[in-house]
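Quick notes on the structure that follows.
Numbering (the numbering used here), first residue to last: 175 to 274.
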């Protein structure tokens, strides 16, 4: 069967959560490397999940910015986090959901 229409590109993205411990960071870095190889449109990082501070989230955002060509987006859970917190590391996009 022949199709005369060009094939549309389907956007692809991934969401990652920061590890609970510093020891989990190398494993996440390897996961991010593998995800980046797929060339997604962006990788979102859950920011401040469960009321936790965004320290590890900032580390993950920074890693994605420095080590990949994939734009990172901060998925703000609106629990004690601000746009400025994520923007300080150079991240420029945000994912906001209601009733998250």
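Glycine residues also receive a C-beta, built at the ideal position from the N, C-alpha and C atoms. These figures come from a predicted structure and were not determined experimentally.
Return the CA-CA distance between residue 283 and residue 206, expressed in angstroms with no decimal places. Any property of residue 283 remains undetermined from this structure, which presents the chain solely from 175 to 274.
Can you name, in chain order, every residue of its own chain whose Cβ lies under 6 Å from the Cβ of residue 199, other than the five neighbours on each side? 193
Cα-Cα separation, residue 229 to residue 184: 32 Å
Roughly how many angstroms separate the alpha carbons of residue 190 and residue 232, rounded to a whole number? Between residue 190 and residue 232, the C-alpha separation is close to 12 Å.
If you draw a straight line from the C-alpha of residue 210 to the C-alpha of residue 197, how long is it? 21 Å
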